[in-house]
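Enquirer: One rule links them: number in this note's numbering = place in the sequence shown (from 1) + 810. This structure is in structure tokens; I'll ask about it shortly.
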Amino acid sequence: MVGSVECCVCVLERKEWMQALQQAMAEQRARARLSSAYLLGVPGSEQPDRAGSLELRGFKNKLYVAVVGDKVQLYKNLEEYHLGIGITFIDMSVGNVKEVDRRSFDLTTPYRIFSFSADSELEKEQWLEAMQGAVAEALSTSEVAERIWAAAPNRFCADCGAPQPDWASINLCVVICKRCAGEHRGLGAGVSKVRSLKMDRKVWTETLIELFLQLGNGAGNRFWAANVPPSEALQPSSSPSTRRCHLEAKYREGKYRCYHPLFGNQEELDKALCAAVTTTDLAETQALLGCGAGISCFSGDPEAPTPLALAEQAGQTLQMEFLRNNRTTEVPRLDSMKPLEKHYSVILPTVSHSGFLYKTASAGKLLQDRRAREEFSRRWCVLSDGVLSYYENERAVTPNGEIRASEIVCLAVPLPDTHGFEHTFEVYTEGERLYLFGLESMEQAHEWVKCIAKAFVPPLAEDLLARDFERLGRLPYKAGLSLQRAQEGWFSLSGSELRAVFPEGPCEEPLQLRKLQELSIQGDSENQVLVLVERRRTLYIQGERRLDFMGWLGAIQKAAASMGDTLSEQQLGDSDIPVIVYRCVDYITQCGLTSEGIYRKCGQTSKTQRLLESLRQDARSVHLKEGEQHVDDVSSALKRFLRDLPDGLFTRAQRLAWLEASEIEDEEEKVSRYRELLVRLPPVNRATVKALISHLYCVQCFSDTNQMNVHNLAIVFGPTLFQTDGQDYKAGRVVEDLINHYVVVFSVDEEELRKQREEITAIVKMRVAGTASGTQHAGDFICTVYLEEKKAETEQHVKIPASMTAEELTLEILDRRNVGIREKDYWTCFEVNEREEAERPLHFAEKVLPILHGLGTDSHLVVKKHQAMEAMLLYLASRVSDTKHGMMKFREDRSLLGLGLPSGGFHDRYFILNSSCLRLYKEVRSQRPWSGAPETSHRPEKEWPVKSLRVYLGVKKKLRPPTCWGFTVVHETEKHEKQQWYLCCDTQMELREWFATFLFVQHDGLVWPSEPSRVSRAVPEVRLGSVSLIPLRGSENEMRRSVAAFTADPLSLLRNV
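Put into structure tokens, the structure is as follows:
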């Protein structure tokens, strides 16, 4: 009986297994049918981005590999691929692709390295591009795509109909698939600006998403594809060449568009556009622009002269977005039409050239390492009809690859012998690829560079080709007072000169990079902007394409740095004075005029050397601050710099003549000789001599305090400037004569001398006053303050007197921007620390100037609403006790010691905050029934005076805080040592209660003013001067000129001290 039961069980299990296997086989056949369907071009199946055979190390036969979305699938052969029977798939969210040699590349994952080999170099590059795309897709997000797909037409590619397209052309307002996006890029940014729905997240503002929902593929194809014959329609399986021809006809030529009734009448088109942009009819605006209406036509209204200004005046934000995205879009025109004047970015290829070049595999990043000669392959290259093609040899018919001139965005010429071939050049394309070519012959390499440059540079910028260059190309930029509009300009870098051609003016404009007042990088890593500040203008160069932008960035930074040891090769200021000299002289003028033995005392050798190296590397970025550098270290750095100049300050050729002039007995004749010799010096040397002697003249004015009279200064600087090592007494005599006769030798008029004396006296006056009061009064500083968020258009430059409070600063910013304060609007000034990812609302009565002195380079001030203030005030009004206690997650800063606690993460600790101190306890012992407060160990593990703490909202993400409700606490000891730790609460309400209690006890219960002041603060009249105080924020020129403002005679003020 038992045996028969077991047999029945076995039969049932066998049937279940057979049913499961049969079901699996049925599903496998269905998948195979889908796979075959996609190969036949049936819509609805997911197509691979690339599929084919590759060699895989460790396998005898080739494998069939398919890149599908964010996965790489491996199959034994093509037949099993059709059946859907795979070996494995690789999730590219954990993958990384790296080029190995001409035909090989590695796919690295945490569990294995897959080493693939392709049949040719071109195939390898195509596989690399496909797999890198899979990595990017795996790391992307679908949030924007899902929102745009909410409109039914946007769920399929506007060109070929492929499902779930995740790319878009933001100026044409159409959603397209990845294959069509590649061909759209080939049309150039003047026709189609391609962005990813999943990766370019910062591009997709709410306005742009709404624009795609209003227009998108529905309206787009009703205009662009109104007359497409069925025989010319694209399919998801269409070949790249078919797509290219179709998209050229569709968008560049406008072959299939729906012609507007006003087509051909330019004046009426412009009028209709000006009327349409004031309405919500986006389709009409699209049709008018696509049929030739001028996007910058004159509207007839001086107050709103362009369609964009009219749309802004009418409050049509979607029209404004559409117009901005189409500012540089070319008007479609058929070949049969009468040729019109080309837009400056249209390529007119007329150059032909051919010959052998040595080429490496294309790269997706900058070439940091030297490419050996073995990495170059000899290729026959032909430049013709705007296409650079490279072949296996001169007899080959099919090219290994090609580069369109319209896709070239930059051409760079590295220094000789940078790579295995002595002469090389780099070609950057819109597709973020870098091609390196090399030759042994300098003449041949120069000819290739010249021909390629002529092929992709438009006639408007052809003047840039008149001189040799290290880098040439086009970049988006913003300039002038209008920072809303980005345009495309052409730039050429030669030595330390950046020449530019802008569309609004055909004349090239040179920028002397070593004379820039500021060279900085703004924005995050994805949207970087290079800021170049010249004497009367600021140029913002945008990083729309990361690869060529990073190349430009490195080249411009290198060109703007000091290039050699002579004075003329240093970074220069407005008056041709080396920045390194200006920085040191300016700092000593501010902080060292009354320092005893200034220039006679030597600084610490190690600190002096480090400072000098920093100044020589990039003096513009070095900001000397009191407390961080000692005046003797700075003075020693200046002396060493002048002593180490190879040609000397007075030049080798003229040094002897200066020394001989010092022996002339007649004073008038000697001074006249000095004036003659001064004129003969090179301009930079002459300006530097004057600046240095002017500074020493000021130093000796305070010889009663610093003990450095003219003779003592001459003893120090004579051997330094003439590099005599003290062996020739005449060197000191020259310096002494120049200081004594400073006014005559350098033609200093009385007004200039008076201003100089007044400003120097004012500096000393304020330092004396600061020493007496325990604070440093340094006049009125210029500070950059932002409204609501840190953007160029929200910044305000404000003069900060010593008496200004955070409330007064807040009110001034709001007054400047005409922002009204409504009831329960808690506008507050915040100190934001970007590095710590934390911010601190300043107390309304807190003085601003001391905060500015302590701001680091990663910090700034912003005025915005304090969203939690109302809740904190309600809590403070309803609470019973003035103390606060409870558990919080605690972590100390790893770089700070003294707490004796683990620093690897956050730990539970008990805190008690009262009116005098904050106490930390390691554990809670028991509960006190009469008080409701837990009983802790009697002695706290740590205790801090509460008024010495600075509390910032936020904890940096790198520390992996256990909750998002945390704050950072900074404590400065009596020895000015800083301690820092991080606290996290379980809820947002707990965080607000703790923060409110901190404010309450630190400011004696006054957290918010009962009646905010609206008194306007008078701005004192300024008087411009030439000597600056310590720059904190804002334009350096503004700060330099603003600090010497006095309405009374500073000398009389000093006498009253």
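Note that the Cβ used here is the ideal one computed from N, Cα and C, for glycine as well.
Run through the DSSP bridge pairs and tell me what Cys1639 is partnered with.
Expert: Beta-bridge pairing links Cys1639 to Val1673.
Enquirer: Quick check on Arg1214: does DSSP put it in helix, strand or coil?
Expert: Here Arg1214 sits in strand by DSSP.
Enquirer: According to the Cβ coordinates, are Leu1120 and Leu1092 closer than 8 Å?
Expert: Not a contact, by the Cβ cut-off of 8 Å.
Enquirer: For Glu1546 versus His1521, is the C-beta distance shorter than 8 Å?
Expert: Taking 8 Å as the Cβ cut-off, Glu1546 and His1521 qualify as a contacting pair.
Enquirer: Residues in its own chain within less than 8 Å of Phe1022 by CB, not counting five upstream and five downstream?
Expert: The residues are Ile958, Ala961, Asn964, Ala978, Cys983 and Val985.
Enquirer: Could you please give the first and the last residue of the uninterrupted alpha helix (DSSP H) stretch that includes Lys1480?
Expert: From DSSP, the alpha helix (DSSP H) with Lys1480 extends over Glu1477 to Arg1490.
Enquirer: Out of curiosity, what's the CA-to-CA distance linking Ser1513 and Leu1659?
Expert: Answer to the nearest angstrom: the Cα atoms are 31 Å apart.
Enquirer: Quickly, what does DSSP pair Met1697 with across the bridge? List them, please.
Expert: Partner(s): Tyr1720.
Enquirer: Are the beta-carbon atoms belonging to Glu1184 and Leu1357 less than 8 Å from one another?
Expert: Result no, Cβ atoms of Glu1184 and Leu1357 do not sit closer than 8 Å.
Enquirer: Any contact of the stretch 1078-1088 with the stretch 1042-1049, i.e. 3+ C-beta pairs under 8 Å?
Expert: Result no; under three Cβ-Cβ pairs closer than 8 Å.
Enquirer: I'd like the span of the alpha helix (DSSP H) that includes Ile1366, first residue to last.
Expert: Note, Ile1366: alpha helix (DSSP H), Arg1356 to Ala1370.
Enquirer: Find the nearest neighbour of Leu1422 within the set Tyr1238, His1607 and Asp1442, judged by alpha-carbon distance.
Expert: Minimum Cα distance to Leu1422 is reached at Asp1442.
Enquirer: Within the same chain, show all residues whose beta-carbon is closer than 7 Å to that of Arg1453, passing over the 5 residues directly before and after it, in chain order.
Expert: Result list for Arg1453: Thr1530 and Gln1533, in chain order.
Enquirer: I need the boundaries of the alpha helix (DSSP H) containing Asn1031, first residue and last residue.
Expert: Note, Asn1031: alpha helix (DSSP H), Gly1026 to Trp1034.
Enquirer: For the alpha helix (DSSP H) containing Thr1376, list its first residue and its last residue.
Expert: Run containing Thr1376: none; DSSP gives neither H nor E here.
Enquirer: Is Cys1774 buried or exposed, if buried means 16 or more other CB atoms sit within 10 Å of its CB?
Expert: So Cys1774 ends up on the exposed side.
Enquirer: Identify whether Asn1519 lies in helix, strand or coil by the three-state DSSP scheme.
Expert: In the structure shown, Asn1519 sits in coil (DSSP, three-state: anything other than H, G, I, E or B).
Enquirer: Just to confirm before moving on: does the CB-CB distance between Ile1366 and Leu1323 stay below 8 Å?
Expert: Contact: yes.
Enquirer: Between the stretch 1762-1778 and the stretch 1800-1808, do at least 3 Cβ pairs fall closer than 8 Å?
Expert: The stretch 1762-1778, when compared against the stretch 1800-1808, does touch it at the 8 Å Cβ threshold.
Enquirer: Could you work out which residue in Asn1628, Asp1635 and Lys1674 is closest to Glu1641 when comparing CA atoms only?
Expert: Out of Asn1628, Asp1635 and Lys1674, Lys1674 has the C-alpha closest to the C-alpha of Glu1641.
Enquirer: Would a C-beta distance cut-off of 8 Å place Arg1483 and Ala1497 closer than the cut-off?
Expert: Going by C-beta atoms, Arg1483 is not nearer than 8 Å to Ala1497.
Enquirer: Fully enclosed by the stretch 938-967, which alpha helix (DSSP H) runs are 4 residues long or longer?
Expert: List check, alpha helix (DSSP H) in window: 953-958.
Enquirer: Rank Ala1687, Arg1053, Arg860 and Ser1726 by C-alpha distance to the C-alpha of Gly971 and give the top, closest one.
Expert: Of the listed residues, the one whose Cα sits closest to Gly971 is Arg1053.
Enquirer: By the 10 Å Cβ neighbour count, where 16 or more other Cβ atoms means buried, how is Gly1664 classified, buried or exposed?
Expert: When all chains shown are included, Gly1664 counts as exposed.
Enquirer: Would you report the Cα separation of Asp859 and Leu938, rounded to the nearest angstrom?
Expert: In a straight line, the C-alpha of Asp859 is about 12 Å away from that of Leu938.
Enquirer: Three or more C-beta pairs under 8 Å: does that hold for the stretch 1636-1652 against the stretch 1686-1696?
Expert: The stretch 1636-1652 is not in contact with the stretch 1686-1696.
Enquirer: By how many angstroms is the C-alpha of Val954 removed from the C-alpha of Arg1011?
Expert: Each residue's alpha carbon lies about 8 Å from the other.
Enquirer: Measure from the alpha carbon of Ala1085 to the alpha carbon of each residue in Phe1073, Gly1074 and Ala1103, then state which is nearest.
Expert: Measuring from the Cα of Ala1085, the nearest candidate turns out to be Ala1103.
Enquirer: Compute the Euclidean distance between the alpha carbons of Val1391 and Leu1448, then round it to the nearest angstrom.
Expert: Using only the alpha carbons, I get a separation of about 7 Å.
Enquirer: By Cβ distance, which residues of its chain are closer than 6 Å to Lys1757, with the 5 residues on each side in sequence left out?
Expert: Same-chain partners within the cutoff: Gln1812.
Enquirer: Which residue wins for smallest C-alpha separation from Gly1030, given the options Thr1089, Phe966 and Pro1039?
Expert: Among Thr1089, Phe966 and Pro1039, the Cα nearest to that of Gly1030 belongs to Phe966.
Enquirer: Give me the Cα-Cα distance between Gly1074 and Pro1320, rounded to the nearest whole angstrom.
Expert: If you take the alpha carbons of Gly1074 and Pro1320, they lie about 40 Å apart.
Enquirer: Taking C-alpha atoms, which residue in Thr1515, Glu1478 and Glu1236 lies nearest to Asn1550?
Expert: When only C-alpha atoms are compared, the closest one is Glu1478.
Enquirer: Counting beta carbon pairs with one atom in the stretch 1124-1143 and one in the stretch 1159-1177, are three or more of them shorter than 8 Å?
Expert: No, the stretch 1159-1177 is not in contact with the stretch 1124-1143.
Enquirer: Below 8 Å on the Cβ atoms is my contact criterion, and I expect Thr1139 with Gly1000 to pass it. Report the Cβ-Cβ distance as a whole number of Å.
Expert: At roughly 7 Å, the Cβ-Cβ gap stays under 8 Å, so Thr1139 and Gly1000 are in contact.
Enquirer: Just to confirm my understanding: we take Lys1540, look at its own chain, exclude 5 residues before and 5 after, and list those with CB closer than 6 Å. What are they?
Expert: Leu1469 and Ser1472.
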